[in-house]
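I have placed the structure first, in the form of structure tokens, so that the comments after it can refer back to it.
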Amino acid sequence: MSVNNEFQPTIVAFCCNWCSYAGADLSGTNRLQYPANVKIIRIPCSCRLNPMFILRAFQRGADGVILCGCHPGDCHYTTGNYYARRRMTLLFSMLDYLGIERDRTRVEWVSAAEGAKFAATMNDFAATIHKLGPNRRLEDLRCRKD
Amino acid sequence: MQERLKQKALELLENGTADRILGWKIGEFFYDLTPAVFKTRQEIQEEFVYSPFAGANLSKYLIAESRKGGKVAVFLKPCDSYSFTQLLKEHRIWRENVYVVGVQCGGMCDMEKLRAKGCEGVLSVGEDGENIVVETLYGTNVFPRAELLEDRCITCKSKKVVTFDELIGEQGTELESDRFSQVAQLEAMTSQERFAFWQKELSRCIRCNACRNVCPACSCEKCVFDNPGSGVRNKAAADSFEESLFHIIRAFHVTGRCTDCGECSRVCPQNIPLHLLNRKMIKDMNELYGTYQAGADPDTKPPLTDFTLDDEEPSIVHTRGGQ
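Those protein sequences? They're chains B and G, same order as listed. Throughout the first sequence, residue numbering follows numbering that gives the first Met the number 0, covering 0 to 145 in sequence. Throughout the second sequence, residue numbering follows numbering that gives the first Met the number 0, covering 0 to 322 in sequence.
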């Protein structure tokens, strides 16, 4: 996506239904600003995030992918985010091993009460991706729009 | 060794322990040993082969073979027995229908290394203790086994046969090996160099699926890559993204179940070092969640189905390895 030839990153944020999605809601009702190019996808639990979802997002044009879930210990399903934490650690490590920029993926724990943290996280992540530039190492040329 | 295995196979068939034997026979070439099921005395006498090229891991074939009724006897090398135990742990093999003969292994040989020695017109290959005896049209050559070993056998992780009903040869032990040194080298590179390295390797992939089909851990009833509804088609990769996707997802699916038998790299027709992906995952799990060897015992919980309250955060990736 580009406006006035300036790079506008596309960011996919996977948010758990119980904490981070509500946190995003709260940041909205509090009128906190975060970039409009953050696309939120609601998932039942951070543990629902299949590694394939992240790769798919990159394929279809995402420049950064962030996973937000309940703080460890606060999972609605008691232990889901503990499993997600191990999985994402290994997946990110593998992406890093394959030479994909390690800043393109992130995990952040945001509770339903942390509307401000949600907005701050998204602003920071969007700035990081903006600095990093478009995703070229893990893109599908057939899906390129420009 | 081949004669001892042959005798054992005949004995098991005759005393009724098993009604068929899973072993190896010559494929297209003498160095290309293919897994085969032997049902008669005659077949065993004529076709059964065990040589330093019997690298094929027979454990995966037992998933189908153990379900066919009757009893199957199988020869498992130490590596194969790890895969076998892992499959038992996953309840994939019907143990009561399998009779396992553990075989001690001195390491398998790589045909490319034999070729590099300038050996031509090879008729047969045999073993004599620590030496490999190669009969050629032009006479007999003897090489030390260590010079012909496959890369995966140079860094052998264990000579221990984990699960067996009977053992041929001595029981071995787990070895100290530096099998992660290549992974560590890659980790120390910059992200740009790593990307270039993997692009060079993975771009050769022709998506023949040999790595998936041979892998004992890749034995799902329905593979995600066979499911057209998943949006991933089982076809030649049209784009660099698809090559990466296939290998990332495959490595991730076998994480915690891969026993590091090295079959993926052995069968790859393009010589892609696929084991480096799996080893990276094993190395990470060892470092982050405690040493774990898939298939080493039937009870330990694999790291991905377990957790502790103070696991590392995913951001730890930023502090490990090169930039």
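Quick reminder that beta carbons are idealized off the backbone N, C-alpha and C, glycines included. For clarity, every value in this text was computed on a predicted model and none was experimentally measured.
What did DSSP end up calling residue i once you bin it into helix, strand or coil?
i	result
VAL48 (chain G)	coil
THR139 (chain G)	strand
TYR33 (chain B)	coil
GLU42 (chain G)	helix
ALA183 (chain G)	helix
ALA12 (chain B)	strand
ASN80 (chain B)	helix
CYS67 (chain B)	strand
VAL316 (chain G)	helix
GLY120 (chain G)	coil
ASP296 (chain G)	coil
GLU146 (chain G)	helix
LYS325 (chain G)	Because chain G spans 0 through 322 in this model, residue 325 (chain G) falls outside it and cannot be assessed.
PRO34 (chain G)	strand
GLU262 (chain G)	helix
GLN5 (chain G)	First, the amino acid is wrong: residue 5 (chain G) is Lys here, not Gln. Helix, per DSSP.
ARG105 (chain B)	strand
LYS38 (chain B)	strand
ILE271 (chain G)	coil
Quick one: is residue i near chain G, going by C-beta distance under 8 angstroms?
i	result
MET121 (chain B)	no
ASP62 (chain B)	no
VAL106 (chain B)	yes
ARG143 (chain B)	no
TYR153 (chain B)	Given a span of 0 to 145 for chain B in the structure shown, any question on residue 153 (chain B) remains unanswerable.
LEU54 (chain B)	yes
ARG59 (chain B)	no
Kindly indicate if chain B contains any beta-carbon less than 8 angstroms away from that of residue i.
i	result
PHE194 (chain G)	yes
GLY271 (chain G)	The amino acid occupying residue 271 (chain G) in the given sequence is Ile; Gly does not appear at that position. It does not; no Cβ of chain B falls within 8 angstroms.
PHE224 (chain G)	no
PHE179 (chain G)	no
VAL71 (chain G)	no
SER65 (chain G)	no
SER202 (chain G)	no
HIS274 (chain G)	no
PRO337 (chain G)	Nothing about residue 337 (chain G) can be reported from this structure: the residues present for chain G run from 0 to 322 only.
PHE245 (chain G)	no
TRP197 (chain G)	yes
Going by alpha carbons, who is nearest to residue i out of the options?
i	options	result
HIS252 (chain G)	G:GLU241, G:SER239, G:MET280 and G:SER264	G:MET280
THR84 (chain G)	G:CYS155, G:VAL266, G:CYS257 and G:PRO227	G:CYS257
ASP296 (chain G)	G:ALA17, G:THR16, G:LEU61 and G:LEU87	G:LEU87
ASN134 (chain B)	B:PHE52, B:ARG59 and B:ALA83	B:ARG59
ILE39 (chain B)	B:MET51, B:ALA56, B:PRO50 and B:ARG30	B:ALA56
GLU1 (chain G)	G:CYS78, G:ARG114 and G:GLY125	The amino acid at residue 1 (chain G) is misidentified as Glu; the sequence shows Gln. Minimum Cα distance to GLN1 (chain G) is reached at G:GLY125.
PRO153 (chain B)	B:CYS14, B:ASP139, B:VAL64 and B:LYS116	Missing from the structure shown is residue 153 (chain B); chain B here goes from 0 to 145 and no further.
SER58 (chain G)	G:PHE47, G:PHE29, G:TYR98 and G:ILE25	G:TYR98
GLY72 (chain B)	B:ALA118, B:LEU66 and B:TYR82	B:TYR82
GLY79 (chain B)	B:ILE10, B:ASN16, B:ASN3 and B:ALA12	B:ASN16
PHE52 (chain G)	G:LEU174, G:LEU61, G:GLU13 and G:GLU111	G:GLU111
LYS159 (chain G)	G:THR39, G:HIS274, G:ARG278 and G:PRO77	G:PRO77
ALA21 (chain B)	B:GLU107, B:ALA112 and B:MET121	B:ALA112
ARG278 (chain G)	B:GLU100, B:LEU89, B:ALA125 and B:ARG136	B:LEU89
ASN130 (chain G)	G:GLY105, G:ASN56, G:LEU122 and G:ARG151	G:GLY105
ALA115 (chain B)	B:CYS46, B:ARG105, B:TYR96 and B:LEU31	B:LEU31
CYS344 (chain G)	G:ARG211, G:VAL316 and G:SER80	A query on residue 344 (chain G) cannot be resolved here, the shown segment of chain G reaching from 0 to 322 and no further.
At a CB-CB cut-off below 7 angstroms, which residues of chain B make contact with residue i?
i	result
LYS279 (chain G)	MET93 and TYR96
PRO313 (chain G)	ARG84, MET87, THR88, PHE91 and VAL106
Which residues in chain B sit within 8 angstroms of residue i, going by Cβ to Cβ distance?
i	result
SER190 (chain G)	ASP95, GLY98, ILE99, GLU100 and ARG101
GLU186 (chain G)	TYR96
PHE142 (chain G)	Within 8 angstroms Cβ-Cβ: nothing; PHE142 (chain G) doesn't reach chain B, min ~36 angstroms.
Along chain G, in chain order, which residues have C-beta atoms closer than 7 angstroms to that of residue i?
i	result
GLU113 (chain B)	What GLU113 (chain B) touches in chain G: nothing, since even the nearest Cβ is about 16 angstroms away.
At 8 angstroms on the CB atoms, spell out the chain G contacts of residue i, in chain order.
i	result
ASP139 (chain B)	ASP238, PHE240 and GLU241
Please list, in chain order, the chain B residues whose beta carbon lies closer than 9 angstroms to that of residue i.
i	result
ASP310 (chain G)	PRO71, TYR81, ARG84, ARG85 and THR88
So if I threshold CB-CB distances at 9 angstroms, which residues from the segment 282 to 297 of chain G count as touching chain B?
ASP283, MET284, LEU287 and TYR288
Select from the segment 28 to 51 of chain B all residues with a C-beta closer than 9 angstroms to any C-beta belonging to chain G, and list them in chain order.
PRO50 and MET51
Check distances from the C-beta atoms of the segment 248 to 268 of chain G to those of chain B and list, in chain order, the residues that come in under 8 angstroms.
ILE248, ALA250, PHE251 and THR254
Under 9 angstroms, CB to CB, which of the residues in the segment 23 to 51 of chain G have a partner in chain B?
none
Can you give me, in chain order, the residues of the segment 2 to 28 of chain B that have a beta carbon less than 7 angstroms from any beta carbon in chain G?
none
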